[in-house]
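Taken in sequence, the protein lines are chains A and B.
Convert by adding 336 to the 1-based position in the first sequence; the result is the number in the numbering used here.
For the second sequence, counting from 1, position 48 maps to 42 in the numbering used here; every step adds exactly one.
Idealized CB from N, CA, C, for every residue including glycine.
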Amino acid sequence: GENVEQHPSTLSVQEGDSAVIKCTYSDSASNYFPWYKQELGKRPQLIIDIRSNVGEKKDQRIAVTLNKTAKHFSLHITETQPEDSAVYFCAASNFMKTSYDKVIFGPGTSLSVIP
Amino acid sequence: DTAVSQTPKYLVTQMGNDKSIKCEQNLGHDTMYWYKQDSKKFLKIMFSYNNKELIINETVPNRFSPKSPDKAHLNLHINSLELGDSAVYFCASSRPTGPQFFGPGTRLTVL
Chain A
337 GENVEQHPST
347 LSVQEGDSAV
357 IKCTYSDSAS
367 NYFPWYKQEL
377 GKRPQLIIDI
387 RSNVGEKKDQ
397 RIAVTLNKTA
407 KHFSLHITET
417 QPEDSAVYFC
427 AASNFMKTSY
437 DKVIFGPGTS
447 LSVIP
Chain B
-5 DTAVSQTPKY
5 LVTQMGNDKS
15 IKCEQNLGHD
25 TMYWYKQDSK
35 KFLKIMFSYN
45 NKELIINETV
55 PNRFSPKSPD
65 KAHLNLHINS
75 LELGDSAVYF
85 CASSRPTGPQ
95 FFGPGTRLTV
105 L
């Protein structure tokens, strides 16, 4: 069945450094890739998403890249700050206009930004 | 003005009891979900409803029964609670081709 792998499971960086989280997906028909941030005790919240017709998307300090051929996508956070510390989830799904598909989440990456 | 709300936030109960969690969204979304997040933080989908109809049921024990009285509400009823049911349960909603918006979660503890 569909599967999304995510690496690393834990990541520690110094404040100001960059952080990169990588995901791979198994279903080549996947066409929508959101990223969620979950702070301790809070709900997952969408931080950025990308669709399969785009190779890269950026929003201030965060960016996501997609390689459809390799079935990889990555989250890049630059100039990390302590408030970036959280668990990050990647996800993949196949959205079609006339049908529905479930979103498959990766297992999460716990990011710690050390002041 | 909360987009997706859940009640209760915390639920502590004894094994064997029956409990319900309620979810409401005011985003006008057609699709709603229940997720279970265990102690390892893995988000596992349990159910999904689209316009009050069940579209995803992920090998969840039949002790769990979702009910959607209208497309803005998706409740979760759990019978005969077991220790392994302890987790955080998240409700979410979305448009059919858009991101999911999560509720604040319900932390269920079964003693």
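Quiz item: If T416 (chain A) and P344 (chain A) are in contact, beta carbons under 8 Å, what's the gap, nearest whole angstrom?
Solution: With a Cβ gap of about 15 Å, T416 (chain A) and P344 (chain A) do not count as contacting.
**Q.** Nonlocal neighbours in the same chain, by C-beta distance under 6 Å from A428 (chain A), ignoring five residues either side
**A.** By the criterion of a C-beta distance shorter than 6 Å, A428 (chain A) is surrounded in its chain by V340, Y361, S366, F369, I440, once the five residues flanking it on both sides are discounted.
Is the CB of K35 (chain B) under 8 Å away from at least one CB in chain A?
True, the Cβ-Cβ gap to chain A drops below 8 Å.
message: Is there a C-beta anywhere in chain A that falls below 8 Å from the one on F58 (chain B)?
response: So no, F58 (chain B) is outside the interface.
(request) Within the same chain, show all residues whose beta-carbon is closer than 8 Å to that of F95 (chain B), passing over the 5 residues directly before and after it, in chain order. (result) Cβ neighbours of F95 (chain B) within its own chain (closer than 8 Å, five residues either side excluded): A(-3), V(-2), Q19, L21, H23, A86, S87, S88.
CA-CA distance, N389 (chain A) and T405 (chain A)? Whole-angstrom Cα-Cα distance: 12 Å.
### Task
Note down, in chain order, all residues in the segment 374 to 401 of chain A with a beta-carbon under 8 Å from any beta-carbon belonging to chain B.
So the list reads Q374, K378, R379, P380, Q381, L382, D385, given in the order they occur along the chain.
query: Helix or strand or just coil, what does DSSP make of P55 (chain B)?
result: Of the three classes helix, strand and coil, the one that applies to P55 (chain B) here is coil, per DSSP.
Using only the alpha-carbon positions, how far apart do T401 (chain A) and F431 (chain A) sit? For T401 (chain A) and F431 (chain A), the distance between alpha carbons rounds to 19 Å.
Margin query: So for P418 (chain A), helix, strand or coil by DSSP?
Written below: Per DSSP, reduced to three states, the secondary structure at P418 (chain A) is helical.
Practice task
Could you tell me the boundaries of the beta strand (DSSP E) in which S42 (chain B) lies?
Solution key: S42 (chain B) -> beta strand (DSSP E) spans 37 to 44.
Notebook entry, point to check: So, does the CB of K438 (chain A) fall closer than 8 Å to a CB anywhere in chain B?
Noted result: So, interface residue.
Check your understanding: So, does the CB of I50 (chain B) fall closer than 8 Å to a CB anywhere in chain A?
Key -> Yes, its Cβ sits closer than 8 Å to a Cβ of chain A.
Cβ of I398 (chain A) within 8 Å of Cβ of H412 (chain A)? In this structure, H412 (chain A) lies closer than 8 Å to I398 (chain A) by Cβ.
Look up L77 (chain B) in the DSSP assignment and say whether it is helix, strand or coil. Three-state result, L77 (chain B): helix.
Inset, instruction - Would you verify that the beta carbon of F41 (chain B) is, or is not, closer than 8 Å to some beta carbon of chain A? - result: The Cβ of F41 (chain B) sits no closer than 8 Å to any Cβ of chain A.
- Which of the three DSSP states, helix, strand or coil, is assigned to V349 (chain A)? Assignment of V349 (chain A) by DSSP, reduced to helix, strand and coil, places it in the strand class.
Check your understanding: With 16 other CB atoms within 10 Å as the buried threshold, where does K373 (chain A) fall?
Key -> Result: buried.
| message | Check whether chain B comes within 8 Å of P344 (chain A), counting only Cβ atoms and requiring the distance to be less than that. | response | At a cut-off of 8 Å, the C-beta of P344 (chain A) has no neighbouring C-beta in chain B.
**Report entry** Pairwise C-alpha distance: Q0 (chain B) and T53 (chain B)
**Finding:** Cα-Cα distance, rounded: 23 Å.
**Where Y4 (chain B) falls, given that 16 or more other Cβ within 10 Å makes a residue buried** = It counts as exposed.
TODO: For V390 (chain A), write down the residues that DSSP places opposite it in a beta bridge.
DONE: Per DSSP, none; premise fails for V390 (chain A).
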